[in-house]
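Before any comments, here is the structure.
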DNA sequence: ATGGCAATGTTTCATTGA
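In our numbering, the protein residues as written are 227 to 484.
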């Protein structure tokens, strides 16, 4: 199984790139974030024509998530939102695909550590941790994939001294990520040797990408059991190039047969 | 080959992102 996560920063704008990317990579499951469109406007026909079914949980302008599943693969038990956490913002969708519980998340950005949005981020993350703990108790094979808006370690930040204490790289956020690892989840990217200075997001401004001023904030975390059959995890930085790229690159993990 | 914000919605600027 090949599973990807990609913050597309508007599915409407990124649809041509997504369709081409699906054809080029042939993933089995794709977790999308920041689709920014209501479910009624989701391009179901185009996605189906590309060979995928879709579970969607969208809203206009902000947020919105979806899980694409390659045609022929069964999926079940779709859940949206974090149970018990009332939230106007549509940030989570989960489904079981080919025996793997796939949790697709768009973690709040937080804006800055002194903002209300940062407090919301931390509350949201606490609810996510509880949700994951419960899900792990029920699913041996689980993948938690998405835009986590947290760079877990200094090596995931182009300039750790500059970013220290800032939103996306503050100690409380890193503690949240460490807590997910504490649940038994593994960062699939770190299961393998990786090129240094590999990131998943680059600011559109200030030559962020050409200077590789990036952060690794998009992740595929996997349960211990699923980690055992993980054979690769890569970030497709090519997708950050060219016409109208998202500011995020896709992350792709592959898993061997059960 | 990768380039100096982008996307959205009330536009013609404000808000958000990270």
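Cβ atoms here follow ideal geometry from the backbone N, Cα and C, with glycine treated the same way.
Fair warning: this is a prediction, and the values are worked out from it, not measured in the lab.
Exposure label - residue i; buried when at least 16 CB within 10 Å
{"i": "residue 239", "result": "exposed"}
{"i": "residue 287", "result": "exposed"}
{"i": "residue 431", "result": "exposed"}
{"i": "residue 314", "result": "exposed"}
{"i": "residue 345", "result": "exposed"}
{"i": "residue 303", "result": "exposed"}
{"i": "residue 308", "result": "buried"}
{"i": "residue 484", "result": "exposed"}
{"i": "residue 476", "result": "buried"}
Contact set for residue i: own chain, Cβ-Cβ below 8 Å, skip 5 residues either direction
{"i": "residue 409", "result": "355, 358, 359 and 362"}
{"i": "residue 277", "result": "248, 296 and 297"}
{"i": "residue 391", "result": "339 and 397"}
{"i": "residue 241", "result": "269 and 272"}
Contact check, residue i vs residue j, beta carbons under 8 Å
{"i": "residue 443", "j": "residue 340", "result": "no"}
{"i": "residue 306", "j": "residue 332", "result": "no"}
{"i": "residue 457", "j": "residue 482", "result": "yes"}
{"i": "residue 367", "j": "residue 445", "result": "no"}
{"i": "residue 327", "j": "residue 365", "result": "yes"}
{"i": "residue 438", "j": "residue 474", "result": "no"}
{"i": "residue 231", "j": "residue 371", "result": "yes"}
{"i": "residue 228", "j": "residue 252", "result": "yes"}
Residue i - DSSP class collapsed to helix/strand/coil
{"i": "residue 414", "result": "helix"}
{"i": "residue 235", "result": "coil"}
{"i": "residue 272", "result": "helix"}
{"i": "residue 465", "result": "helix"}
{"i": "residue 450", "result": "helix"}
{"i": "residue 312", "result": "coil"}
{"i": "residue 357", "result": "helix"}
{"i": "residue 319", "result": "strand"}
{"i": "residue 483", "result": "coil"}
Own chain partners of residue i with C-beta closer than 7 Å, once the 5 adjacent residues on each side are dropped
{"i": "residue 337", "result": "343, 344 and 393"}
{"i": "residue 263", "result": "237, 238, 284, 286 and 290"}
Close-in-space but distant-in-sequence residues of the same chain around residue i (CB under 6 Å, 5 per side omitted)
{"i": "residue 434", "result": "428"}
{"i": "residue 425", "result": "440, 441 and 442"}
{"i": "residue 405", "result": "355"}
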